[in-house]
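Spelled out as structure tokens, the structure:
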């Protein structure tokens with residue numbers, strides 16, 4: 090037997106060149122959804138779609154897809170999913186049996202209310218998955234607004250004469266992708282206090298999340314933001330991740 094290890098160079102940078110959501114977000118009506126044929130929508134159409142659907146994974150695909158199942162999900166692994174050997178290790182090392190931290194899983198299970206980009210939905214259907222129900226569809230205007238920036242940085246990388254210049258162009262592209270998936274709800278700020286009165290004031294603030302005494306005179310506090318501005322283009326980051334699956338599958 091053999092194990093094949095594959096990697097894609099510049100996966101996210103490549104998908105950032107594609108048409109991505111930009112504006113005109115609108116939920117479609119039931120009548121509009123009934124008339125929508127995703128298979129006929131071009132990849133670079135001016136209007137794109139994000140769907141929430143139920144997916145059925147036919148049993149006759151399980152053997153051929155078992156090494157790399159379609160439609161990843163983020164969830165914790167229930168105890169009854171574990172093998173006998175895994176359960177034995179949990180008992181042996183006295184590990185907790187409750188569900189662990191959520192992970193990205195590839196499973197052969199059917200999916201309920203699964204959210205996906207219309208382009209990856211076309212591939213899933215082509216590879217055998219069945220859409221049993223469409224719950225809702227979000228339509229939007231799309232265009233390849235990052236393509237020129239990505240191509241420019243690829244050109245800089247090709248012209249680079251040292252590792253610093255080469256890595257810099259990569260970091261430029263990665264930083265843009267990072268901003269599209271940035272979770273503003275996880276932002277916070279840190280404050281150091283060295284006076285007892287200030288420390289008591291900090292402890293009374295409702296947005297205090299945690300604190301730690303660095304010494305008998307210095308305490309560091311972490312606060313959640315009082316106002317959260319959701320200004321990051323998460324729809325673009327979602328689409329980049331979805332389109333990268335097309336390359337992988």
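Residue numbers (this note's numbering): 90 to 338.
Each residue gets a CB set at the ideal place from its N, CA and C atoms; glycine is no exception.
Practice prompt. Go through its chain and collect everything with a Cβ distance to residue 203's Cβ below 8 Å, but skip five positions before and after it.
Written response: Closer than 8 Å at the Cβ level, and outside the excluded window around residue 203, lie 141, 142, 143, 144, 160, 162.
Among 119, 139, 316, 92, nearest to residue 277 - alpha-carbon criterion: Nearest C-alpha to residue 277: 316.
Q | Spatial distance of residue 300 from residue 314 (CA atoms) | A | One C-alpha to the other measures close to 15 Å.
With a CB to CB cut of under 7 Å and the five nearest residues on each side skipped, what residues in its chain are close to residue 122? Close CB contacts of residue 122 within its chain, under the 7 Å cut and outside five residues either way in sequence, are with 223, 226 (chain order).
* Asked: If we ignore side chains and look at the alpha-carbon of each, how far apart do residue 305 and residue 287 end up?
  -> Residue 305 and residue 287 have their C-alpha atoms some 14 Å from each other.
*Environment of residue 272 [buried if 16+ CB atoms lie within 10 Å]*: By the C-beta density criterion, residue 272 is exposed, having fewer than 16 other C-beta atoms within 10 angstroms.
* Asked: What residues in its chain sit with their C-beta under 7 Å from that of residue 296, if we drop five residues either side in the sequence?
  -> Excluding residues within five positions, the ones whose Cβ falls inside 7 Å are 312, 313, 315.
Item to complete: Go ahead and pull the three-state DSSP assignment for residue 106.
Response: In the structure shown, residue 106 sits in coil (DSSP, three-state: anything other than H, G, I, E or B).
**Message:** In the DSSP assignment, the beta strand (DSSP E) including residue 253 goes from what residue to what residue?
**Reply:** Careful: residue 253 lies outside any beta strand (DSSP E), inside the alpha helix (DSSP H) at 252 to 269.
Please report the residue range of the beta strand (DSSP E) in which residue 274 lies. First-last for residue 274: undefined, no H or E at that position.
On the CB-based measure, 16 or more other CB atoms within 10 Å of its CB, does residue 208 come out buried or exposed? By the 10 Å Cβ count, residue 208 comes out buried.
Using DSSP with H/G/I as helix, E/B as strand and the rest coil, what is residue 175? Three-state DSSP puts residue 175 in a helix.
CB contact flag (residue 158, residue 196, <7 Å) = Yes, the pair counts as a contact, with Cβ atoms nearer than the cut-off.
Return helix, strand or coil for residue 213, following the three-state DSSP convention.
Taken through DSSP and simplified to helix, strand or coil, residue 213 comes out as helix.
Taking a contact to mean a Cβ-Cβ separation below 7 Å, would you say residue 103 touches residue 262 in this structure? For residue 103 and residue 262, no; Cβs fall outside 7 Å.
Straight-line gap, residue 238 to residue 186 (C-alpha atoms, nearest Å) | Answer to the nearest angstrom: the Cα atoms are 48 Å apart.
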